[in-house]
Amino acid sequence: MKVVRTTVARVLGYRNPIARVLTSVDGGPVRRIVDGRRNIYTGFFCSVKADFAQMPWESRKSERTAMMLAEASSRVVSLLAQPHRLELFVKQQKKPLVYFPDLQLKVHPSFIDDLDRGVPFSVAALARSFDETDDDLRTVIIEMKDDRDRRQSTKKYKKKLELVGKIYEMLEIDFRIVQRGEELYPFQLRVAASVVSWRQTAVTQFDVWAVQRALRPGPQRATAVVAALGGGPFGWAKLKALHVRRFLEIELDDVITPSTRVRLLINNSLRVPIRR
1456 MKVVRTTVAR
1466 VLGYRNPIAR
1476 VLTSVDGGPV
1486 RRIVDGRRNI
1496 YTGFFCSVKA
1506 DFAQMPWESR
1516 KSERTAMMLA
1526 EASSRVVSLL
1536 AQPHRLELFV
1546 KQQKKPLVYF
1556 PDLQLKVHPS
1566 FIDDLDRGVP
1576 FSVAALARSF
1586 DETDDDLRTV
1596 IIEMKDDRDR
1606 RQSTKKYKKK
1616 LELVGKIYEM
1626 LEIDFRIVQR
1636 GEELYPFQLR
1646 VAASVVSWRQ
1656 TAVTQFDVWA
1666 VQRALRPGPQ
1676 RATAVVAALG
1686 GGPFGWAKLK
1696 ALHVRRFLEI
1706 ELDDVITPST
1716 RVRLLINNSL
1726 RVPIRR
């Protein structure tokens, strides 16, 4: 069992704690879903934005999909699956209610603003960035819901999520419930997958300098940037890897073609460093 540190949340006027947040001391997931005892598909997603750590998932069509979209998003700086264990102390019962969030993201404020306006998660994830500074990030907890999850219709479960939302509000953390059937669109998933599939491609500082020279005059067609990276399939793979690392931004509102626009990102101080 992992050692955890504890954060206590209180409400003004209450003497006793009403919730406890338990996080892993190593900063990774607090719960490993893949244990060999489940009769459902489970797995790991190796995330560049999580310092190449293995992020566990238990649903290919919801949690894994959300991670892939977050990995491809220019406005998502980092992600963490199963980030903590939230315990809610309720007067009516001795044992606390326990909640494990699916995903925690560090995002630009405009990403949250889009979700508040009703923009579907997949569309907001692949939207173009507004060159917001990485110094003013917001934390958002994502609860993924499959359309076949019967718990959603139960009063007890709805009340639990309502309490969870209130706790996160007190902690100044955004909380969003994402319905797979309503907010994860196949088209955006295909676009994201075409980028994220090459996220682990090896890139060097020379590649960074090459794209900086190519894009310094302004946005260019993808084919020109690929040529600066040596051309061919490896050049395309490097282009996509540098997008995930947030050195540049590929416009992802449509499928990627040689004419797709590419530009340098500004204020991206928290981009994924190049490994030497």
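Numbering (this note's numbering), first residue to last: 1456 to 1731. All C-beta atoms, glycine included, are put in the ideal place defined by N, C-alpha and C.
Member of the options whose CA lies at the smallest distance from the CA of residue i
i, options, result
"Q1559", "I1628, E1624, F1702", "I1628"
"L1703", "T1520, L1684, S1479, S1529", "S1529"
"R1593", "F1566, L1543, S1502, L1581", "F1566"
"L1616", "L1552, F1507, K1516", "L1552"
"V1633", "M1510, S1479, F1576", "F1576"
"I1711", "Q1655, Q1643, V1658, A1657", "Q1643"
Beta-carbon contacts of residue i that lie in its chain and below 6 angstroms, excluding the five residues immediately before and after
i, result
"V1476", "T1462, H1539, L1541"
"V1619", "Y1554"
"S1724", "D1589"
"R1700", "R1726, V1727"
Residues that DSSP places opposite residue i in a beta bridge
i, result
"D1629", "V1595"
"G1690", "Answer is none; G1690 lacks a bridge partner."
"I1721", "For I1721, which the question treats as bridged, DSSP gives no partner whatsoever."
"K1512", "Per the sequence shown, residue 1512 should be read as Trp rather than Lys. Looking at the DSSP assignment, W1512 forms a beta bridge with G1498."
7 angstroms CB neighbourhood of residue i in its chain, flanking five on each side removed
i, result
"P1713", "R1676, A1677, T1678"
"T1588", "N1722"
"A1692", "W1653, T1656"
Close Cβ partners of residue i (< 8 angstroms) along its chain, the five nearest in sequence each way excluded
i, result
"L1719", "V1666, Q1667, L1670, R1671, F1702, L1703, E1704"
"I1622", "A1464, I1473, A1474, L1541, L1543"
"T1715", "R1676, A1677, I1705, E1706, D1709"
"R1519", "G1498, F1500, W1512"
"S1584", "S1529, R1530, H1563, S1565, E1704, L1720"
C-alpha gap between residue i and residue j, whole angstroms
i, j, result
"F1500", "V1485", "15 angstroms"
"L1543", "Q1537", "17 angstroms"
"A1525", "L1626", "23 angstroms"
"S1649", "S1502", "15 angstroms"
"G1685", "A1579", "32 angstroms"
"V1574", "R1645", "18 angstroms"
"A1508", "D1569", "28 angstroms"
Cβ of residue i within 8 angstroms of any chain C Cβ
i, result
"G1498", "Among the chains of the structure shown, chain C does not appear; only one protein chain is present."
Inter-residue CB distance, residue i and residue j (contact presumed, cutoff 8 angstroms)
i, j, result
"G1673", "A1682", "With a Cβ gap of about 16 angstroms, G1673 and A1682 do not count as contacting."
Residue i Cβ short of 7 angstroms to the ligand SAH heavy atom set
i, result
"A1679", "As for the ligand SAH, it is missing from this structure, which has no ligand bound."
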